[in-house]
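Enquirer: Just so we're aligned, residue 6 is where the sequence shown starts under our numbering, counting upward by one. Backbone N, C-alpha and C fix where the C-beta goes; we use that ideal spot for every residue, glycine too.
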Amino acid sequence: MLVVSAFCILCSATVRSIEKGYSASADKSNTEVNSDTELNSDTEVNFDTEASSDAESGNSGAESGNTGAESGAVSEPGLDSSDTSRDSGKNPSQDDSDVVLVCKGNLDGVSRELLIKLKDIVKSHPNSVSFYYENLDTGIAIAATPDKAYFCASVVKAPYIAAVLKKGVDTSEVVAIKEDVCNIPAGAELTVDQLIYYSLVHSDNNSYIELIRKYGRAVFNSYSEELGVSSRITSGHFCSMTAYEAAVYFKDIYSFALESADGKYLAEYMKKPIYNQQIGRVLSKKYPVLQKYGASYNRSVFHNTAVVCAPSPYVLSIFTDINPAAEESTKVFRDIAAVIDEINTAVAERNALPVNAEESAAD
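1. State the Cα-Cα distance for the pair Asp267 and Leu321, rounded to the nearest angstrom.
2. Do the stretch 165-181 and the stretch 219-234 meet, that is, are 3 or more Cβ pairs less than 8 angstroms apart?
3. Any beta-carbon of chain B closer than 7 angstroms to the one on Glu333?
4. Does the contact criterion of 3 or more C-beta pairs under 8 angstroms hold for the stretch 200-213 versus the stretch 179-191?
5. Of the choices Ser229, Val312, Val287, whose alpha-carbon is the least far from that of Ile341?
6. Measuring straight from C-alpha to C-alpha, what distance separates Ala191 and Asp198?
7. Taking Cβ to Cβ, would you say Tyr319 is nearer than 7 angstroms to Leu141?
8. Could you check where the beta strand (DSSP E) with Tyr298 kicks off and where it finishes?
9. Given a cut-off of 7 angstroms on the beta-carbon distance, is the pair Asn278 and Ser317 in contact?
10. What residue does the beta strand (DSSP E) around Thr196 start on, and which one ends it?
11. Below 6 angstroms CB to CB, which residues in the same chain sit around Asn226 once its five sequence neighbours on both sides are set aside?
12. Considering just the uninterrupted stretch of the beta strand (DSSP E) at Glu139, what are its terminal residues?
13. Hey, would you say Lys269 sits closer than 7 angstroms to Pro293, going by beta carbons?
14. Does the beta-carbon of Ala146 have 16 or more other beta-carbons within 10 angstroms, so that it is buried, or is it exposed?
15. Can you tell which of Gly241, Tyr254, Cys244 has its C-alpha closest to the C-alpha of Glu231?
16. Taking 7 angstroms as the cut-off, decide whether the C-beta atoms of Asn309 and Tyr298 are in contact.
17. Please give me, in chain order, every unbroken run of the alpha helix (DSSP H) with length at least 4 that falls completely inside the stretch 110-188.
18. I'd like the list of long-range same chain contacts for Tyr137, defined as Cβ closer than 6 angstroms, with 5 residues on each side in sequence excluded.
19. Using the C-alpha atoms, what's the distance from Lys290 back to Gly114?
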């Protein structure tokens, strides 16, 4: 359970200090807060996702990758039959009362201007935008509606494959594929390694589905349970997920990469996505970025979760109900990533952590 203390609210209107899925040991009434509020209060907030409703199933039909309208984003068409009972639905617009930044830890080194800039990026977007940031050295975290559930799209492929690799599978084993995989015809034989490569680097849906056919859903569901995450694949291949839950998976993937050869193998593929127009477009020239995006035109969702292997590494998970085909659909990801990177540098400097390049899990 992640206890978030010292939450700060950076808007001048009355706000809802406890959103759906949060609980608090302090007063749960609405709080009048303005930009002069101290960044370090005594309020404690849980990002415990167990309060969410029962897990969801993915689509039971076949999915296939296709190219998105903007920059080659791969979407998951034909998924509208998915049971996504936790999905919170669209917000037609953001307004001041909708944007609450929840912060954990001492933010003394972070300027108020950066935090307000971050809030304004989320507030100004016409779609629902949720994010979760955490510095992995200190546990300092900042988030906006991190427990809002969305259709996960292809973000789930990274934690699914992590769950499989943690079982010590033989990646050289050969699989006769039942559907075309990246122009390789059905009936051909591919290794598990090739299926993992196409799932992560190309975000190919059919290769991911072949992995589920081989290893099943229970491996992912057990992994989720171990991490205390509510997401479950109960049928089909996808599920609902929150920005915070995605961050939990990716934090574990980072630890896996530090601890084992299989983890480093996974990290290498996650550094090399063909589609790199969101968080990685801003940051991958500066640091290794272990990431997985998700996109669905039918569901109108667009996500990206990443571990940024800066000298003081951090996780950043951004989930939205933006349609991937929308004009400048990737801009909000880049804008949030740029500000978060400045914030993370400030956090590192404040805590006497490295700010220059050094060895990381992805090196």
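Expert: On the basis of the coordinates in this document:
1. 23 angstroms
2. yes
3. Structure shown: chain B not included; a single protein chain is present.
4. yes
5. Val287
6. 17 angstroms
7. yes
8. 294-301
9. With the sequence shown as reference, residue 278 is identified as Pro, and Asn is not the correct amino acid for it. No, the Cβ-Cβ distance between Pro278 and Ser317 is not below 7 angstroms.
10. 194-196
11. Arg237
12. 134-140
13. no
14. buried
15. Tyr254
16. yes
17. 117-129, 162-170
18. Ala148, Pro151, Ala248, Tyr249, Ala252, Ser322
19. 25 angstroms
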